[in-house]
Structure formats: structure tokens, C-alpha cells
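Now the structure itself:
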């Protein structure tokens, strides 16, 4: 094939290379970011089939597969517009990037106009890809959030530290109107201090969490020992490696309880 025109795009996915690569080899995971019914045979000569949500079909053939670093396949549209099956070449390379994975995409084309039509397509498709991988890695986000809120009611310092260490990174950052903290060594005693001024207060998640690319939004309510609501708000959590790396709290329109 004479493919003198290329498109390059690089994204970083917050997951291990083995996990990221599985979305190019497992049919269910492949379909999760292309469309229901899409399939891939992860072997040289294997069929690549994509059924886009709008019903348009694409297909190709696996040229190379080297888990979990590289996969190469041909690509085109079954309708022949803007290019027939097998008339372009997609190369995916993965390498570790800290706790995540750098994904380098190269797509080679015969015609520059066809290349240009795919720039936004890959910008969109890799964004979808990043989200489905993040959804898998952070499938336990709700449990992390619930455990975080529960730790704020733990009165025993050692038990509180153990609970937080199980769900948060050692250097976890916490920010709200009353906290500017870095690390569990700072957070554990800070929670103890809040319990002195807000005894018997407990935090509860309200509704489902919202998750995107490792960032989680969770609404909460603060209740007094008698069950009365004393305040509410939203926390923004950043997840890293399946743990909470930072939490930023926002109180709602109610005035936050103080020590006065």
C-alpha cells in the first residue's frame, strides 16, 4: 500500500498497559468503545469488525499483534466511502507512563482529504476509549467514596488511619474551606479535630457518583447524631491506581457548622 499521509495522536490512560491492551483483544471490551456487535480477532490475519452506533460498518485485518505493546491493523469502511476496507493502516503503541499508559496512535492514509476527515474522529474515539478504560479501573468508585465518608466518623485514630490507608494514597491531598492538607499524616489528626467541634456528625453519600476519566463527583449530606441534616455539599475526588489521590469538598448553600 502507498500511504504517504499520516495522522498522529497521543493520549495517556490511567491504567496499566495490560489493561489498556485488553481493549484491543477482548471482544466485549473492543465493542465497549466502538459499538455493540464490534469484534476483533487478536492474531495475525484476524478480522477487525466495527459496527458504529449509527449503523455504519468498518472492517480490516490484524497485521501485527505484540501484547501488550503494539497492535497494527488495516481499516476501511464496508460501504467504500470515504475509503474501502483495508485501504488504511492503524498502528497502536503502548508504553508505561508513571502509573498509567501512554498510547500513541498512527493512522496512515492514501489521500490527505481522507486523513483530515479522521482527525476529529480519532479525537472523539480515543476520548470514549479513555472513559471506558477508566470506568473499568474505577468500577469501585462508589465503595471508595462511601469508605472515605465512613472514615470521618471513626473516633479511634489508629482505626481511622487504617481505613484511610486502605482507600487513599499516602500523599492524599484534602482541600475544603477548613482544610489545606497533604498526606495521611496530616489528614488523620485533622479528622480527629473536626470530631471535637462536630461530635456525632456523620457524612453520607447522596445519590450515585458521577465519574469521568478518574475524576469522581459525589454529593453528600452531614447528619447530626439525632439524624438531622446539618449541611450538604459535593466532593471532587481524583483517583490514582484505584485509590483516592485527592479530595476537594464544597459545602452547599447551608452555612457550614463551625466551632463557635
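Residue numbers (our numbering): 5 to 264. Even glycine gets a Cβ: it sits at the ideal position worked out from N, Cα and C.
Spatial neighbours of residue i in its chain, beta-carbon cut-off 7 Å, leaving aside the 5 residues before and after
{"i": "residue 17", "result": "24, 104, 105, 107, 134, 137"}
{"i": "residue 69", "result": "46, 47, 48, 75"}
{"i": "residue 166", "result": "none"}
{"i": "residue 15", "result": "107, 130, 134"}
{"i": "residue 260", "result": "The pLDDT assigned to residue 260 is 48, lower than 50, so where the model puts this residue is not dependable; a value taken from the coordinates is nonetheless given after this. Cβ neighbours of residue 260 beyond the five flanking positions: 181, 235."}
{"i": "residue 229", "result": "204"}
{"i": "residue 206", "result": "157, 227"}
{"i": "residue 168", "result": "155, 188, 191, 192"}
{"i": "residue 126", "result": "11, 13, 109, 111"}
{"i": "residue 100", "result": "21"}
{"i": "residue 183", "result": "194"}
Within 8 Å, strictly: CB atoms of residue i and residue j
{"i": "residue 156", "j": "residue 251", "result": "no"}
{"i": "residue 113", "j": "residue 83", "result": "no"}
{"i": "residue 81", "j": "residue 60", "result": "yes"}
{"i": "residue 34", "j": "residue 40", "result": "no"}
{"i": "residue 208", "j": "residue 192", "result": "no"}
{"i": "residue 12", "j": "residue 110", "result": "yes"}
{"i": "residue 65", "j": "residue 90", "result": "yes"}
{"i": "residue 79", "j": "residue 94", "result": "yes"}
Residues that residue i bridges to, as DSSP identifies them
{"i": "residue 111", "result": "11, 94"}
{"i": "residue 153", "result": "Per DSSP, none; premise fails for residue 153."}
{"i": "residue 186", "result": "177"}
{"i": "residue 233", "result": "227"}
{"i": "residue 64", "result": "52"}
{"i": "residue 100", "result": "105"}
{"i": "residue 213", "result": "Partner(s): none; residue 213 has no beta bridge."}
{"i": "residue 239", "result": "222, 253"}
{"i": "residue 44", "result": "52"}
{"i": "residue 194", "result": "DSSP, once it has assigned bridges, lists no residue as partnering residue 194."}
{"i": "residue 244", "result": "247"}
{"i": "residue 207", "result": "226"}
Extent of the continuous beta strand (DSSP E) run through residue i
{"i": "residue 27", "result": "That residue, residue 27, is in no beta strand (DSSP E); it is neither H nor E in DSSP."}
{"i": "residue 56", "result": "Run containing residue 56: none; DSSP gives neither H nor E here."}
{"i": "residue 76", "result": "74-81"}
Minimum Cβ-Cβ distance from residue i to chain D less than 8 Å
{"i": "residue 86", "result": "Judged by its chain identifiers, the structure shown contains no chain D, having just a single protein chain."}
Span of the alpha helix (DSSP H) around residue i
{"i": "residue 170", "result": "161-171"}
{"i": "residue 250", "result": "First-last for residue 250: 247-255, but that is the beta strand (DSSP E), not the alpha helix (DSSP H)."}
{"i": "residue 127", "result": "123-141"}
Same chain, Cβ closer than 6 Å to residue i, five either side skipped, listed in chain order
{"i": "residue 254", "result": "237, 238"}
{"i": "residue 55", "result": "39, 41, 42, 61"}
{"i": "residue 222", "result": "149, 209, 213, 239"}
{"i": "residue 31", "result": "43"}
{"i": "residue 118", "result": "86, 87"}
{"i": "residue 37", "result": "132, 133, 136"}
{"i": "residue 71", "result": "25"}
{"i": "residue 51", "result": "45"}
Own chain residues within Cβ distance below 8 Å of residue i, not counting five before or after
{"i": "residue 4", "result": "The structure shown does not extend to residue 4, since the chain is modelled only from 5 through 264, so no value can be given for it."}
{"i": "residue 6", "result": "114"}
Task: Segment contact, 8 Å Cβ cut-off, at least three pairs: the region 195-215 with the region 154-169 - done: Yes: the two stretches touch, three or more of their Cβ pairs being nearer than 8 Å.
Open item on the list: With a threshold of 8 Å, are at least 3 pairs of Cβ atoms found where one atom belongs to the region 208-223 and the other to the region 178-190?
Closed with: Under the three-pair Cβ rule at 8 Å, the region 208-223 does not count as touching the region 178-190.
Open item on the list: When you compare the region 137-148 with the region 173-181, are there three or more beta-carbon pairs, one atom per stretch, that lie closer than 8 Å?
Closed with: Short answer: they don't touch.
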